[in-house]
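Colleague:
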Amino acid sequence: MNPNDNPATTSLAEAKAQFVHLWGVSGTSWGVSKTLAQVHALLLVSPAALSTEDLMEQLTISRGNASMTVRELLDWGLIYKELRPGERREYFVAEKDMLQVTRCIIRARKRRELDQMKRTLDQLAALPGDPADADYRAFHAALTDIQQLATVSDKLLTRLMQAEKSWFWDKFLKLFM
Numbered sequence: 001m002n003p004n005d006n007p008a009t010t011s012l013a014e015a016k017a018q019f020v021h022l023w024g025v026s027g028t029s030w031g032v033s034k035t036l037a038q039v040h041a042l043l044l045v046s047p048a049a050l051s052t053e054d055l056m057e058q059l060t061i062s063r064g065n066a067s068m069t070v071r072e073l074l075d076w077g078l079i080y081k082e083l084r085p086g087e088r089r090e091y092f093v094a095e096k097d098m099l100q101v102t103r104c105i106i107r108a109r110k111r112r113e114l115d116q117m118k119r120t121l122d123q124l125a126a127l128p129g130d131p132a133d134a135d136y137r138a139f140h141a142a143l144t145d146i147q148q149l150a151t152v153s154d155k156l157l158t159r160l161m162q163a164e165k166s167w168f169w170d171k172f173l174k175l176f177m
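Note that the UniProt record's numbering gives residue 103 to position 103 of the sequence shown, counting from 1, and the numbers run on in steps of one.
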């Protein structure tokens, strides 16, 4: 939908397609694949659980791509399997609580990025050297600053993951008011 379009003339199907496209394009900016973001978006706006076949058909993606994407979204905790008695197909539904979605994303990104960075920084900071050497001091000072920032970030992200909904929104809204 372009900004000049009249929302009253846009159908629900068109709006959903535009949202899925927007979420997919945004996902690449966040460091995830377009397909992963699109599958997540489609499941977010679907009132009922969808099968892998539904995802393949609606997004025109391959079975392998759909299966790998679903597996990754399950790992992130952003979607869940819905079991249906007598069905061999697996169905998937997205977590709809946006605070919980945020927690899942923070947890996964923290585990994959920040925790790894902290481990590497700790190993590098343990590098023996001569404190009288200017290169060593500059290297060690930079690492120490980054480690402090990483530690504060880790504490903040941990607190956000544990936050109650009312606390989170109260603090978040106060930042902008």
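Glycine residues also receive a C-beta, built at the ideal position from the N, C-alpha and C atoms. Quick caveat, the model's predicted, so the values are computed rather than measured.
For the beta strand (DSSP E) that V93 lies in, which residues bound it at each end?
Modeller: Along the sequence shown, read from residue 1 onward, the residue named residue 93 stands at position 93. Where V93 is concerned, the enclosing beta strand (DSSP E) stretches over 91-94.
Colleague: Applying the criterion that 16 or more other CB atoms from any shown protein chain within 10 Å of the CB defines a buried residue, is G129 buried or exposed?
Modeller: One-based indexing of the sequence shown puts residue 129 at position 129. Answer is exposed; the Cβ neighbour count stays below 16.
Colleague: Measuring only the C-alpha atoms, how far is G27 from A132?
Modeller: Counting from 1 along the sequence shown, the entry for residue 27 is found at position 27. Counting from 1 along the sequence shown, the entry for residue 132 is found at position 132. Cα-Cα distance, rounded: 47 angstroms.
Colleague: Can you grab the Cα-Cα spacing for the pair G24 / W30, in whole Å?
Modeller: Translated into the one-based positions of the sequence shown, residue 24 becomes position 24. Translated into the one-based positions of the sequence shown, residue 30 becomes position 30. So the two alpha carbons sit approximately 10 angstroms from each other.
Colleague: Whose CA, out of R109, A141, C104, lies closest to the CA of D122?
Modeller: Taking the sequence shown and counting its residues from 1, one reaches residue 122 at position 122. Here the closest residue by C-alpha is A141.
Colleague: Quick check on R71: buried or exposed, where buried means 16 or more other Cβ atoms within 10 Å of its Cβ?
Modeller: Translated into positions along the sequence shown, residue 71 becomes position 71. By the neighbour-count rule (16 or more Cβ atoms within 10 Å), R71 is not buried but exposed.
Colleague: Can you name the start and end residues of the beta strand (DSSP E) that E82 belongs to?
Modeller: In the sequence shown, counting from the first residue as 1, residue 82 sits at position 82. Counting along the chain, the beta strand (DSSP E) containing E82 begins and ends at 79-82.
Colleague: Let's see if you can read the secondary structure: which residues bound the alpha helix (DSSP H) around S26?
Modeller: If you number the sequence shown from 1, residue 26 lands on position 26. Run containing S26: 12-29, per the alpha helix (DSSP H) assignment.
Colleague: Following the continuous alpha helix (DSSP H) through V32, name the residue where it begins and the one where it ends.
Modeller: Along the sequence shown, read from residue 1 onward, the residue named residue 32 stands at position 32. Run containing V32: none; DSSP gives neither H nor E here.
Colleague: CB-CB under 8 angstroms to S67, same chain, minus the five flanking residues each way: which ones, in chain order?
Modeller: By 1-based counting over the sequence shown, the position of residue 67 is 67. Correct list, in chain order: T52.
Colleague: So if DSSP puts L50 in a beta bridge, which residue, or which two residues, is it bridged to?
Modeller: Within the sequence shown, the letter at position 50 stands for residue 50. DSSP output for L50 lists F92 as bridge partner(s).
Colleague: Are K110 and L157 closer than 8 angstroms when you measure CB to CB?
Modeller: As a first step, residue 110 is located in the sequence shown; it is residue number 110 there, counting from the start. As a first step, residue 157 is located in the sequence shown; it is residue number 157 there, counting from the start. For K110 and L157, yes; Cβs fall inside 8 angstroms.
Colleague: In the structure shown, what three-state DSSP assignment does L127 receive?
Modeller: Within the sequence shown, the letter at position 127 stands for residue 127. Correct three-state label for L127: coil.
Colleague: Where does S153 fall in DSSP's three states?
Modeller: Start at 1 with the first residue of the sequence shown, and residue 153 comes out as number 153. Three-state DSSP puts S153 in a helix.
Colleague: How about L50 and L43: do their beta carbons lie closer than 8 angstroms?
Modeller: The residue labelled residue 50 in the question sits at position 50 within the sequence shown. The residue labelled residue 43 in the question sits at position 43 within the sequence shown. It is a contact, given that the beta carbons lie within the stated cut-off.
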